[in-house]
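Read the structure below first, then the notes.
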Amino acid sequence: MNTPRMVATALAIGLFSLSSSAAVQTEELPKYVNIAAKTKEQRTLIANAGVSIEAIRSDGIWGFARPNALARVKKAGFKVLSTHSFETGRGGHQGGGMSAKDFPSEDSRFHNYNELITELDTLAGKHSDIAKVEQLGKTTEGRKILALHINTTPIELQSGQSTKPGAVFIGNHHAREHLSIEIPLMLAQHLLAKRNDPAIQKLLETRDIWILPMLNPDGSEYDIATGDYQMWRKNRAKNHDGTYGVDLNRNYSYFWNHGGASNDPSDETYMGTKPFSENETQAVKAFVEAHKNFKILLSFHTFSELILYPWGHTYDKINKPRDLQVYETMAKQMSKWNGYTPQQSSDLYIASGDTTDWTYGQQGIFSFTFELSPRSMWFGGGFYPGEGVIDKVFNDNLKPCLYMIDLADDPYRVLAKPLMSYGSSYQAPEKFISKIQNDGQNNGLFADVLFEKPAKF
Ligand code: 0X9
Ligand code: ZN
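If you count by our numbering, then the sequence shown holds residues 9 to 465, one letter each, in order.
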């Protein structure tokens, strides 16, 4: 799983890429770009221009940009160090052969929309006394947005309302981040499979747990619709200029349109016409507002191996010292388990309208964003790391997820005393800085990358 996976380099692409296996018309793939930038202020200006920043190095960012955004970046005086096209966006994989509308065969362990529904139904059927599938809304294209509700009190499971402290896990705000679907799904599978394990049993009996693995099925189905990856980020709403998609992680209302988001519909980070303009974000809004018992929320993304917490829309720190201390303490603890880097979201770059600023700022829920593995696009496969990483990424993140569920009763508990039940003897992965050798694929550039030795369990 630590084997570097190289991303396929550029071959000419046309305006449309057509798969031989399915006549699905797709838009031009975004370019992967390396832009010189040393400070968060510079990164924010690049984000403002409509680039989705995916990895940050000491001397620049790597991110996805469409033509308008790239032109704006250049006009603003930034040096574009390199641009990379992808023939099909497969991240080094072979295509799906005959199986259209699905993952490439070597990634078949990832769940497409129908497989996810089937798995949620199977789990709820097998554990019908404590688990139930609930529909939270419908996407632009009419797909159901589903969540698995886990609650051991029958009347609470039936009504969907609980007096127990709630923990919420959401995946797939971004279409191409398929690993962000698998990890919450595996969390659901784990909680139910281990329901008689005393520690899990205790969590299940005392908490209200909601798992929403696939918020953006239109986008993720589009991403695999030809059998080859399309590197699609947004949802699939049709915009007024004929382009498609709103960035769901720029569409929440808390300081919406306050930087790091674009008002050009063609951009990767298009914020939408107004806050909560999208079916998917409306579904989250209605769901969260209807459950006043929610205390903890985790939004899964990929990639870069980060634990992020508010704020995202401002460089200011949270001005409630105890809350900030809870965030910092929890993030630090969780980083010892998964080896990810803990930081305030805006240390990366400003991005407004994101999920966790709204769930914390507006709803008072302690909220985190995890950027799952890998660390890099060039070494690790970026959005398409291969199904072989799924188990490790889940194992790395299981303790952090259980910890969040545990703390849902009172997150301020972390300030009182260390929690003994969570691996106080656990050794964080040893870190070392390494200079990556040019792999021959990235135009002679070198990247500073923080490598991890694999975590031991
Ligand atoms: O930009 C995003 O929406 C997230 N990164 S991703 O590569 N998955 O697209 C990070 C959001 C974190 N928030 C801020 N940086 N403000
Ligand atoms: Zn994302």
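Glycine included, every Cβ here is placed at the ideal spot set by N, Cα and C. The structure displayed is predicted, hence computed values, not measured ones.
- For residue 313, the distance from the CB to the nearest heavy atom of the ligand 0X9 is not below 7 Å.
- With a beta-carbon spacing of about 18 Å, residue 117 and residue 225 fall beyond the 8 Å limit used to define contacts.
- Closer than 7 Å to some heavy atom of the ligand 0X9: that describes the Cβ of residue 357.
- Secondary-structure assignment with DSSP links residue 307 through a beta bridge to 178, 377.
- Not one heavy atom of the ligand 0X9 is found less than 7 Å from the C-beta of residue 324.
- The C-beta distance from residue 137 to residue 174 rounds to 19 Å, too long to meet the 8 Å contact threshold.
- At a threshold of 7 Å, residue 257 counts as near the ligand ZN, since its beta carbon sits closer than that to one of the ligand's heavy atoms.
- For residue 292, the closest alpha carbon among the candidates 220, 127, 301, 69 is that of 220.
- Short note on residue 297: C-beta not closer than 7 Å to any heavy atom of the ligand ZN.
- Inside the stretch 29-74, DSSP marks whole beta strand (DSSP E) runs of 3 or more residues at positions 39-44, 60-65, 68-73, from first to last along the chain.
- Beta-bridge annotation (DSSP): residue 78 is not paired with any residue.
- Close CB contacts of residue 60 within its chain, under the 7 Å cut and outside five residues either way in sequence, are with 71, 72, 241, 276, 277 (chain order).
- Separation of the CB atoms of residue 183 and residue 156 is rounded to 21 Å, and the pair is thereby denied contact status at 8 Å.
- Apart from sequence neighbours up to five positions away, the residues of its chain that approach residue 115 with a beta-carbon distance below 6 Å are 395, ordered along the chain.
- When C-beta atoms of the stretch 156-167 are compared with those of the stretch 300-307, fewer than three pairs fall below 8 Å, so the two segments do not count as touching.
- When DSSP states are grouped into helix, strand and coil, residue 157 belongs to the strand group.
- For residue 228, the shortest C-beta to heavy atom distance toward the ligand 0X9 is 7 Å or greater.
- Counting along the chain, residue 329 sits inside the alpha helix (DSSP H) bounded by residues 329-346.
- Shown here, residue 198 sits in a helix according to DSSP, grouped into three states.
- No heavy atom of the ligand 0X9 is found nearer than 7 Å to the CB of residue 389.
- The three-state reading of DSSP puts residue 138 in coil, since its state is none of H, G, I, E or B.
- In its chain, beyond the 5 residues on either side, 273 have a beta carbon closer than 6 Å to the beta carbon of residue 249.
- Residue 220 carries a strand assignment under DSSP once its states are collapsed to helix, strand and coil.
- The stretch 191-201 and the stretch 320-336 do not touch, with fewer than three beta-carbon pairs separated by less than 8 Å.
- Under the three-state reduction of DSSP output, residue 356 falls in the coil class, being neither helix nor strand.
- For residue 230, the uninterrupted alpha helix (DSSP H) segment begins and ends at 225-232.
- Under the DSSP assignment, residue 278 falls outside any alpha helix (DSSP H); it carries neither an H nor an E label.
- Contact between residue 315 and residue 349 holds: CB atoms are separated by about 7 Å, below the 8 Å threshold.
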